[in-house]
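Below: one structure, written as structure tokens.
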């Protein structure tokens with residue numbers, strides 16, 4: 586299960602999506618997520634699905650590797666579908682004891698499941714095709730106007746970069762601790778909910794200790810190298826828009842227009 590989490594991981598490849606400016610990928614991801622809440626009807630979601638398939642093909646990231654991240658949200662997805670199936674009023678379709686499944690509930694559950702799946706996969710495309718350093722530089726560049734109102738943009742971008750970088754590290758550390766505990770006859774699966782929660786204590790304690798140790802080592806390393814954030818820092822690879830970045834913006838605008846039109850006119 587832990588190895589199925591792809592958030593924060595980077596897939597090394599030489600594709601058009603990998604070579605795009607990180608600001609383009611950040612902006613496109615935000616617009617794609619917004620579009621999932623703006624588009625209406627089946628045709629709007631079909632446009633979102635086709636756009637997502639196109640981006641995945643261009644990224645050359647294996648589809649199996651990308652879908653693998655969906656396994657970590659199966660529980661959340663199931664809860665969302667069940668609640669919308671049984672708690673949405675409308676035209677009854679199936680009666681199960683005191684619970685009623687309505688036609689509107691089925692439609693809403695399917696649309697929400699598709700929306701959540703697209704959201705996770707779309708966010709994974711960005712993190713899989715962009716290194717943490719590129720994400721930091723892109724986010725800092727995009728939020729730079731907020732410096733005028735005293736917002737610590739560089740520090741915020743650095744914290745997000747460190748958080749993304751530490752996700753796969755902590756997952757790997759958790760996997761090692763779990764294997765060590767299982768070798769000592771620990772049981773994480775059997776028993777009721779309370780027993781399962783108690784069985785996680787031997788896992789969480791060393792994990793927190795390891796996380797704090799890594800954070801302290803990182804802070805000491807940054808201080809030893811006289812790290813100082815702010816506007817006076819230079820970039821090893823300054824960000825510059827290329828022709829392909831402007832083309833990507835045009836494609837995203839066309840996608841938004843087509844998706845809205847498909848949802849409102851055809852739907």
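Numbering (our numbering), first residue to last: 586 to 852.
We treat Cβ as the ideally placed atom computed from N, Cα and C, and that holds for glycine.
This structure is a prediction, so every number in the text was calculated from the model and none was measured.
- Task: Could you check what DSSP says for residue 687 in three-state terms: helix, strand or coil?
- Result: strand
- Task: Grab me the residues of residue 587's own chain with a C-beta within less than 7 angstroms of its C-beta, minus the 5 sequence neighbours each way, in chain order.
- Result: Low local confidence applies: a pLDDT of 49 at residue 587 is under 50, so the model's placement there is unreliable, with the coordinate-based value given in what follows. Cβ neighbours of residue 587 beyond the five flanking positions: 756, 759, 760.
- Message: Helix, strand or coil, according to DSSP, for residue 674 in the structure here?
- Response: Looking at residue 674 - three-state DSSP - the assignment turns out to be coil, as it is neither helix nor strand.
- Query: Where residue 668 and residue 678 are concerned, what is the direct C-alpha to C-alpha distance, given to the nearest angstrom?
  - Reply: 16 angstroms
- Item | Segments assigned alpha helix (DSSP H), at least 4 residues, entirely inside the stretch 599 to 667 | 601 to 604, 607 to 623, 626 to 644, 648 to 652
- Query: Roughly how many angstroms separate the alpha carbons of residue 665 and residue 807, rounded to a whole number?
  - Reply: 43 angstroms
- Counted within 10 angstroms of its Cβ, other Cβ atoms place residue 610 as buried (16 or more) or exposed: buried
- Going by Cα to Cα distance, which pick from 706, 780, 730 is closest to residue 647? 706
- Query: Does the distance from the C-beta atom of residue 716 to that of residue 595 stay below 8 angstroms?
  - Reply: yes
- Message: Applying the 10 Å Cβ sphere with the 16-neighbour rule, what's the burial state of residue 639?
- Response: exposed
- Using the C-alpha atoms, what's the distance from residue 735 back to residue 844? 38 angstroms
- Of all the options 710, 835, 718, which has the alpha carbon lying nearest to the alpha carbon of residue 748? It is 718.
- Message: Once the 5 residues before and after residue 687 are set aside, which same chain residues still bring their CB inside 7 angstroms of it?
- Response: 673, 674, 675, 676, 677, 678
- Task: Taking only the alpha-carbon atoms, compute the straight-line gap between residue 801 and residue 840 and give it to the nearest angstrom.
- Result: 45 angstroms
- Message: If you reduce the DSSP assignment to three classes, tell me which class residue 824 lands in.
- Response: coil
- If you draw a straight line from the C-alpha of residue 771 to the C-alpha of residue 662, how long is it? Whole-angstrom Cα-Cα distance: 29 angstroms.
- Item | Those runs of the beta strand (DSSP E) which lie wholly inside the stretch 683 to 758 and span at least 3 residues | 684 to 687
- Task: Following the continuous alpha helix (DSSP H) through residue 795, name the residue where it begins and the one where it ends.
- Result: 786 to 809
- With DSSP collapsed to three states, give me the class of residue 680. strand
- Task: Can you have a look at residue 615 and say buried or exposed, based on whether 16 or more other CB atoms are within 10 angstroms of its CB?
- Result: exposed
- Is it right to say residue 724 is buried, meaning 16 or more other beta carbons lie within 10 angstroms of its own, or is it exposed? buried
- Pick from 788, 625, 682 that is closest to residue 768, judged by C-alpha positions: When 788, 625, 682 are compared, the shortest CA-CA separation from residue 768 is found for 788.
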